[in-house]
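Note that our numbering has the sequence shown beginning at 72, numbered continuously upward.
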Amino acid sequence: MVNPTIQRRRLGLALKRAREEAGKTQDDAAAVIDAAASKVSRLELGQSGIKLTDLNVLLDLYGVVGEEAETLRELARAGRQRGRWSTYRNAVPDWFRQYLDLEGDASEIRWYQPEVVPGILQIEPYIRAMNATAHPRPTAEDADRQVAVRLERQAILREQDGPDLSFILSESALRRSIGDGATMQSQLLHLADVGEQPNVSLQVFPFDVQTYETASFNFIILRFGDDAASDVIYVETFTDADYLDRPDAVRAYTRLWDRLRAAALGPVESRKLILRMVDDIERQQI
72 MVNPTIQRRR LGLALKRARE EAGKTQDDAA AVIDAAASKV SRLELGQSGI
122 KLTDLNVLLD LYGVVGEEAE TLRELARAGR QRGRWSTYRN AVPDWFRQYL
172 DLEGDASEIR WYQPEVVPGI LQIEPYIRAM NATAHPRPTA EDADRQVAVR
222 LERQAILREQ DGPDLSFILS ESALRRSIGD GATMQSQLLH LADVGEQPNV
272 SLQVFPFDVQ TYETASFNFI ILRFGDDAAS DVIYVETFTD ADYLDRPDAV
322 RAYTRLWDRL RAAALGPVES RKLILRMVDD IERQQI
């Protein structure tokens, strides 16, 4: 299935490269299509599509012709199609559907999560327990759709040629009780099992780590092959999300990730800690 978000992103990167090679600014591009520079910025970030008439004007400005120009037109057409996750539009906001498309096309994904288990690692009872205390609480239909989305996302955990997946979870995210004891035990055992898969690295950032290097917010680094220029940083807020691809932002978050990974427990010790948490819950229920 065509992934319109990825096609828009590829088009945006190609147009940005063509503009820079032509020595033009975003203001120059905005002027010829009678738009604000912010529209050109969104286009180059892959956050919006473009009409073919406007695209042709930009291609003329940048001096892009022939086969290269036709390739960009095809990307523009593909970027206007509906994506895989559009059927979940009532349960998943637009700003997150863009992330879902990126997640499905990435070659490497790195998560840092300080508060709760990442959605892609959540088991169904954990998801439903979170929805039960959400404000506003989703309808039963939307709750079912949210469960379906998260479980469908987990297919990449089992793909033989899937992306390399790395997780750093704070100890507080694992000790925070979501649902009853049985739910937390099952969730923790699931994490221990997932961390054993060859394409997955799961580390815990413990309470007693001897460093002040931490982050109170979650973020995700998505990589698309070896070209660092295509990396995206996803930072979620309460009502929206930021998609960062500026080289300085990518470098800053990548360095932060590296420092967090170095301070966290290794995968083997992390698994041992998770299993000790399972035993702790068992003792509390006796």
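Cβ atoms here follow ideal geometry from the backbone N, Cα and C, with glycine treated the same way.
- In this structure Ser241 is not in contact with Ser272, their Cβ atoms being roughly 16 Å apart against a cut-off of 8 Å.
- DSSP places Arg181 in the uninterrupted beta strand (DSSP E) bounded by Glu179 to Gln184.
- The DSSP assignment places 235-241 as complete runs of the beta strand (DSSP E) inside the stretch 207-265, in order along the chain (cut-off: 3 residues).
- Ranked by Cα distance from Leu262, the first of Phe309, Pro189 and Tyr324 is Pro189.
- Contact between Ala108 and Arg294 fails: their C-beta atoms lie close to 28 Å from each other, not under 8 Å.
- Look at Leu132 here: in three-state DSSP terms it is helix.
- The continuous beta strand (DSSP E) containing Glu307 extends over residues Val303 to Glu307.
- For Arg294, the beta-bridge partners assigned by DSSP are Glu179.
- Residue state for Ala203 is assigned as helix, using DSSP reduced to three classes.
- Secondary structure of Gln281 (DSSP, three-state): coil.
- Per the C-alpha coordinates, the member of Arg216, Ala85, Arg354 and Val339 positioned closest to Asp264 is Val339.
- Here the C-alpha atom of Asp319 lies approximately 22 Å from the C-alpha atom of Arg79.
- Short of 8 Å from the beta carbon of Ser119, and not among the five residues preceding or following it, lie these beta carbons of its own chain, in chain order: Arg79, Lys110 and Arg113.
- In the three-state DSSP reduction, Ala335 falls in the coil class, being neither helix nor strand.
- Closest by C-alpha distance to Glu186, out of Leu344, Gln355 and Phe278, is Phe278.
- Take the alpha-carbon of Leu259 and the one of Gly137: they are about 55 Å apart.
- Leu273 is bridged by DSSP to Phe238.
- If the five residues before and after Arg90 are omitted, its C-beta is found closer than 7 Å to the C-beta atoms of Ala100 and Tyr133, all from its own chain and listed in chain order.
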